[in-house]
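A.B. asks: Numbering (UniProt numbering), first residue to last: 1 to 335. Input: one structure, supplied below.
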């Protein structure tokens, strides 16, 4: 997902939206037609982020993908420009809008709550309003941070929320505003997202394992590392199904199967690297478990980030893979 959107330059609403050909306009206006008789246009926002990058691949088999980010010039993909976003939706008239952009700088959000709310709540609301206006589906991503992190059971979609930080509050408000504005929505809460592209926890642990003999890693936060590739593939599968059936809207939890701590995650990375590439020299001899309090941060983190994915799997006929499988795929790709 795309991180904070400061320093954005000229507002998108001032840009000249390209004129569409008559045939394209007729096709994009035919929202009520079935997917079987119309190749859908899919508007993807946040194309340069971890999930957005994978979505460009997974969604391409479903139809024409118009992929934007905040630097796009032909159409507005800047979530800080609400009018520009809605103008883009009205011009393209997609059947599906996929919002993979967000303000994901959790600690930074504490010092810029207005920007976090604009990007994570008000922009999704604007997209939902525009989607409802043209009869499109809106796909959006949220987070385990909407919960307070208590207990030791995986969170279900209907469980009471209680975000601990500004980021979580802004994402929760985004969920609520979407549900109020657009019935045709898919909201996927996910957690501990990683991808081969860009920085991630596994890459950081691999680098530190080469440099240090001893590491200290948090052991009292639990969740499931979830690959952007998995998120993108599940999204494409769900979009295909809702376009075909016209049903299945709502809120879903999407995470890899199983659970671990950050300490367990780090240990798995080191063990997997040593198995896949034994000739690679790692200096690390010990990984010490430590509490969250050992690494103070501006934003509080939940201890329990487990997500119950039963509803997602039953609705869309899926079996989600164990988190270890995704980590092995990642490491095999980057080593």
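Glycine included, every Cβ here is placed at the ideal spot set by N, Cα and C.
#1: Would residue 257 and residue 322 qualify as a contact pair, given that the criterion is a beta-carbon distance under 9 angstroms?
#2: Determine which residues share a DSSP beta bridge with residue 154 and list them.
#3: Taking only the alpha-carbon atoms, compute the straight-line gap between residue 211 and residue 285 and give it to the nearest angstrom.
#4: Whole angstroms is fine: what's the gap from residue 61's alpha carbon to residue 73's?
#5: Which of the three DSSP states, helix, strand or coil, is assigned to residue 124?
#6: Please determine, among 57, 127 and 235, the residue with the shortest C-alpha to C-alpha distance to residue 90.
#7: Helix, strand or coil for residue 322? Go by DSSP, reduced to three states.
#8: Which runs of the beta strand (DSSP E) fall wholly inside the segment 72–110 and span at least 3 residues, in chain order?
#9: Helix or strand or just coil, what does DSSP make of residue 309?
#10: Classify residue 255 as helix, strand or coil using the three-state DSSP reduction.
#11: Do residue 94 and residue 39 have their beta-carbon atoms positioned less than 9 angstroms apart in this structure?
#12: Report the three-state DSSP secondary structure of residue 237 (helix, strand or coil).
#13: Closer than 8 angstroms by C-beta to residue 248: which residues in its own chain qualify, once you throw out the five before and the five after it? Chain order, please.
#14: Counting pairs of Cβ atoms below 8 angstroms between the segment 198–212 and the segment 152–168, do you hit three or more?
#15: Just mark residue 334 as buried or exposed, buried being the case when its beta carbon has 16 or more other beta carbons within 10 Å.
#16: Out of 267, 88 and 63, which has the shortest C-alpha to C-alpha gap to residue 282?
#17: Is residue 116 helix, strand or coil by DSSP?
#18: If you check the beta carbons only, do residue 53 and residue 96 fall under 9 angstroms apart?
#19: DSSP three-state label for residue 191, please.
#20: Determine the extent of the beta strand (DSSP E) in which residue 67 is found, giving its start and end residues.
#21: Check for me: the alpha helix (DSSP H) holding residue 290 runs from which residue to which?
#22: Could you give the DSSP three-state label for residue 132: helix, strand or coil?
#23: Would you mind giving the Cβ-Cβ distance between residue 83 and residue 165, rounded to the nearest angstrom? I have them listed as a contact below 8 angstroms.
#24: Looking at the structure shown, is residue 217 part of a helix, part of a strand, or coil, going by DSSP?
#25: Cβ of residue 99 within 9 angstroms of Cβ of residue 170?
#26: Residue 194 and residue 228 - do their beta-carbons sit closer together than 9 angstroms?
#27: Using the C-alpha atoms, what's the distance from residue 288 back to residue 68?
#28: Does the beta-carbon of residue 198 have 16 or more other beta-carbons within 10 angstroms, so that it is buried, or is it exposed?
#29: Measure the alpha-carbon distance for residue 143 versus residue 332 and round it to whole angstroms.
#30: Figure out for me which residue from 269, 124, 147 and 216 has the closest Cα to the Cα of residue 293.
#31: Quick check: the Cα distance between residue 273 and residue 85, rounded to an integer number of angstroms?
C.D. replies: Well, looking at it:
#1: yes
#2: DSSP output for residue 154 lists no bridge partner at all.
#3: 11 angstroms
#4: 25 angstroms
#5: helix
#6: 127
#7: strand
#8: 96–99
#9: coil
#10: coil
#11: no
#12: helix
#13: 186, 238, 241, 242, 315 and 316
#14: no
#15: exposed
#16: 267
#17: helix
#18: no
#19: coil
#20: 64–68
#21: No alpha helix (DSSP H) holds residue 290; the beta strand (DSSP E) holding it covers 286–290.
#22: helix
#23: Contact flag wrong, Cβ pair sits at about 29 angstroms.
#24: strand
#25: no
#26: yes
#27: 42 angstroms
#28: exposed
#29: 27 angstroms
#30: 216
#31: 43 angstroms
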